[in-house]
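*Asks:* The sequence shown begins at 108 in my numbering and counts up by one. Idealized CB from N, CA, C, for every residue including glycine. Just passing along the structure, written as structure tokens.
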Amino acid sequence: MEELAGRPKSLTEQEFHYCPGCTHGIVHRLVAEVIDELDIQEQTIGIAPVGCAVLAYDYFDLDMLEAAHGRPPAVATGIKRVHPDKVVFTYQGDGDYASIGTAESVHAASRGERITTVFINNAIYGMTGGQMAPTTLEGQKATTAPRGRDTKEAGFPLQMSEMLATLEGAVYVARVSVDTPQRIKQAKEAIKKAFKVQLKGLGYALVEVLSTCPTNWGLSPQQALDWLEDNMIPYYPLGELKSVGEVE
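This is how it looks when you write it as structure tokens:
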């Protein structure tokens with residue numbers, strides 16, 4: 108019998124540990140499908156973060172390394188410079204990429220490091236109990252902001268993609284979402300383009316993925332998808348923010 112759908116070669120058979128309704132699993136599959144379609148499994152090295160995706164090395168059937176919290180861009184830089192023929196990507200959450208690792212993220216992009224970053228933005232700290240993150244929206248409740256984020260005290264939510272798109276070394280910056288089938292397809296296209304940017308040696312590539320966290324948002328999986336649509340996308344608009352150079 109012909110198999111119409113199955114597990115990507117670049118994913119292991121390990122069952123994901125993510126909460127029901129979390130969209131990390133969708134993004135893992137998209138990354139794996141892109142690696143398979145580009146036929147780069149044997150030359151790809153991934154960097155796992157500290158956060159909900161800390162066990163990504165169990166899920167991707169690739170050479171994987173674990174980095175200290177916030178340091179994947181620095182680790183990826185070292186690997187890529189020593190092995191320029193390899194395809195190197197980081198998979199990071201908002202606490203890892205936009206908080207403790209902000210300096211590493213900004214400077215890797217500024218230097219134009221030829222790496223690819225998949226940045227998961229669920230507007231909260233997921234693994235450690237739902238604390239306010241740099242990306243938590245104004246008024247959004249968190250365990251450390253029970254009355255909602257007050258911008259007078261905590262500042263405004265950080266728009267990493269808009270900030271990094273201003274840097275010369277960042278040649279591809281896109282923001283996508285995985286809350287509907289159509290947007291999942293668009294997310295895969297953006298991730299594939301980000302890997303192609305690296306294969307062409309053009310510079311730093313970033314794909315920000317808006318993701319849900321039903322557990323820490325205190326919502327059902329369906330409610331979480333609706334909340335993302337109604338609240339996150341207006342503040343974090345989808346689309347390509349920057350694309351320099353031909354990758355096809």
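Does E173 come out as helix, strand or coil in the three-state DSSP assignment?
*Replies:* Against the sequence shown, residue 173 aligns to sequence position 66. DSSP places E173 in strand when its eight states are reduced to three.
*Asks:* Under three-state DSSP, which class holds T250?
*Replies:* Residue numbering aside, residue 250 sits at position 143 when the sequence shown is read from its first letter. DSSP places T250 in coil when its eight states are reduced to three.
*Asks:* Can you round the beta-carbon distance between R221 and Q305 to whole angstroms, since I take them to be within the 8 Å contact cut?
*Replies:* Numbered from its first residue, the sequence shown carries residue 221 at position 114. Numbered from its first residue, the sequence shown carries residue 305 at position 198. So it is a contact: roughly 6 Å between Cβ atoms.
*Asks:* Just how far apart, CA to CA, sit A294 and R256?
*Replies:* On the sequence shown, residue 294 is found 187 positions in, with the first residue counted as 1. On the sequence shown, residue 256 is found 149 positions in, with the first residue counted as 1. In a straight line, the C-alpha of A294 is about 28 Å away from that of R256.
*Asks:* Would you kindly report the start and end of the unbroken alpha helix (DSSP H) that includes N323?
*Replies:* Within the sequence shown, residue 323 is the residue found at index 216, counting from 1. Its alpha helix (DSSP H) spans residues P321 to W324.
*Asks:* With a cut-off of 8 Å on the beta carbons, I'd call L335 and V283 a contact; round off their distance for me.
*Replies:* Here residue 335 refers to the residue found at position 228 of the sequence shown. Here residue 283 refers to the residue found at position 176 of the sequence shown. Not a contact, Cβ separation roughly 12 Å.
*Asks:* Among all the DSSP beta bridges, which residues are the ones paired with E315?
*Replies:* As a first step, residue 315 must be located in the sequence shown, where it is residue number 208. For E315, which the question treats as bridged, DSSP gives the partners F226 and R282.
*Asks:* Going by DSSP, what residue range makes up the alpha helix (DSSP H) through A181?
*Replies:* On the sequence shown, position 74 is the one that residue 181 refers to. Start and end: P179 to V189.
*Asks:* Should L317 go down as buried or exposed, given a rule of 16 or more other Cβ atoms within 10 Å for buried?
*Replies:* Here residue 317 refers to the residue found at position 210 when the sequence shown is read from its first residue. With 16 or more Cβ atoms within 10 Å of its Cβ, L317 is classed as buried.
*Asks:* From what residue to what residue does the beta strand (DSSP E) around Q199 run?
*Replies:* Counted from its first residue, the sequence shown places residue 199 at position 92. Element bounds for Q199: V194 to G200.
*Asks:* Alpha carbon to alpha carbon, what distance is there between A160 and L118?
*Replies:* On the sequence shown, residue 118 is found 11 positions in, with the first residue counted as 1. On the sequence shown, residue 160 is found 53 positions in, with the first residue counted as 1. Rounded to the nearest angstrom, the two C-alpha atoms are 14 Å apart.
*Asks:* Name the DSSP bridge partner or partners of K349?
*Replies:* Stepping through the sequence shown from its first residue, residue 349 is reached at position 242. Secondary-structure assignment with DSSP links K349 through a beta bridge to V280.
*Asks:* Which residue's Cα is closest to the Cα of T319: D333, G310 and K307?
*Replies:* Sequence index remark: in the sequence shown, residue 319 carries index 212 (1-based). The residue with the shortest Cα to Cα distance from T319 is D333.
*Asks:* Applying the 10 Å Cβ sphere with the 16-neighbour rule, what's the burial state of R77?
*Replies:* No information on residue 77 is available, as it lies outside the stretch 108 to 355 that the chain covers here.
*Asks:* Going by the CB atoms, is the gap between N228 and M270 shorter than 9 Å?
*Replies:* The residue given as residue 270 occupies position 163 in the sequence shown. The residue given as residue 228 occupies position 121 in the sequence shown. No. Outside cutoff.
*Asks:* For A205, which three-state DSSP category applies?
*Replies:* As a first step, residue 205 must be located in the sequence shown, where it is residue number 98. Helix.
*Asks:* Along the chain, where does the alpha helix (DSSP H) containing G132 start, and where does it finish?
*Replies:* Numbered from its first residue, the sequence shown carries residue 132 at position 25. Counting along the chain, the unbroken alpha helix (DSSP H) around G132 starts and ends at H131 to L145.
*Asks:* Less than 9 Å between CB atoms is the rule here; does L169 satisfy it with respect to chain D?
*Replies:* Structure shown: chain D not included; a single protein chain is present.
*Asks:* Would you give the residue range spanned by the beta strand (DSSP E) that T258 belongs to?
*Replies:* Translated into positions along the sequence shown, residue 258 becomes position 151. Note, T258: premise wrong, no beta strand (DSSP E); alpha helix (DSSP H) at T258 to A261.
*Asks:* Cutting at 6 Å between CB atoms, please list the residues of its own chain near M234, excluding the five before and the five after it.
*Replies:* The residue you call residue 234 lines up with position 127 of the sequence shown. Only G158 and C159 meet the Cβ criterion.
*Asks:* Using a Cβ-Cβ cutoff of less than 7 Å, which residues in the same chain neighbour K300 once the five nearest sequence positions on both sides are dropped?
*Replies:* Locating residue 300 in the sequence shown gives position 193, counting from the first residue. The answer, listed in chain order, is Y279 and V354.
*Asks:* Based on DSSP bridge pairs, tell me the residues matched to L67.
*Replies:* No answer is possible for residue 67: it lies beyond the span of the chain, which begins at 108 and ends at 355.
*Asks:* Starting from A112, trace the alpha helix (DSSP H) in both directions and tell me its first and last residue.
*Replies:* Taking the sequence shown and counting its residues from 1, the one referred to as residue 112 is at position 5. Where A112 is concerned, there is no enclosing alpha helix (DSSP H), given that its DSSP letter is neither H nor E.
*Asks:* Please state whether the Cβ-Cβ distance between I340 and L137 is less than 9 Å.
*Replies:* Residue mapping note: residue 340 aligns to position 233 of the sequence shown, counting from 1. Residue mapping note: residue 137 aligns to position 30 of the sequence shown, counting from 1. No. Outside cutoff.
*Asks:* Quick one, are the C-beta atoms of M171 and G153 less than 9 Å apart?
*Replies:* Reading the sequence shown from its first residue, position 64 is the one you call residue 171. Reading the sequence shown from its first residue, position 46 is the one you call residue 153. Yes, the Cβ-Cβ distance between M171 and G153 is below 9 Å.
*Asks:* So, using beta-carbon positions, are A277 and G208 closer together than 9 Å?
*Replies:* Here residue 277 refers to the residue found at position 170 when the sequence shown is read from its first residue. Here residue 208 refers to the residue found at position 101 when the sequence shown is read from its first residue. No. Outside cutoff.
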